[in-house]
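Everything below concerns the one structure shown next.
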């Protein structure tokens, strides 16, 4: 199979859209961690952010901010300065978690945490509306499988 042309405008648009989704999901994950009074984003927060972003559409403002962040990431990767950041994310701490446990839903009653609880209840029935959402859902499923997290 031939590798995609990264200079192709369509490919760049898809990459930016995916990065925008991930950027927004990480922002939600950070909120979930803060509402959980955690100093770090844990697996449950990360998966929660991904599920939330898959199932809850972004507002126009969120979309604009996330696309701007995605463009900055792509521009940074294209620049020669990207070598400065090599190894920045090489160390990922591994924390022992029990295998095949149910995700810990947020207990906060804010809008995001409440919506996420509903999303987690409906995740198994969620049908993706486009190929990018399908890829996003598959990455969530893969992450859950890798960490032994059950969503339902």
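In this note's numbering, the protein residues as written are 13 to 164. Yeah, the Cβ is synthetic: ideal placement off N, Cα and C, and Gly gets one too. Values in this document were obtained by computation on a predicted structure and should not be read as measured data.
- Message: Can you give me the C-alpha to C-alpha distance between residue 102 and residue 139, rounded to a whole angstrom?
- Response: Annotation note: pLDDT 47 at residue 102 (below 50); position unreliable, coordinate value reported separately. When rounded, the distance between both Cα atoms is 34 Å.
- Item | For residue 113, three-class secondary structure by DSSP | strand
- Counting only runs of 4+ residues fully inside the stretch 27-96, write out the alpha helix (DSSP H) ranges in chain order. 55-67 and 72-90
- Does the Cβ-Cβ distance between residue 79 and residue 37 come in under 9 Å? no
- Message: Is it buried or exposed, residue 130, if we count other Cβ atoms within 10 angstroms and call 16 or more buried?
- Response: exposed
- Have a look at the DSSP bridge pairing and note the partners of residue 161. 113
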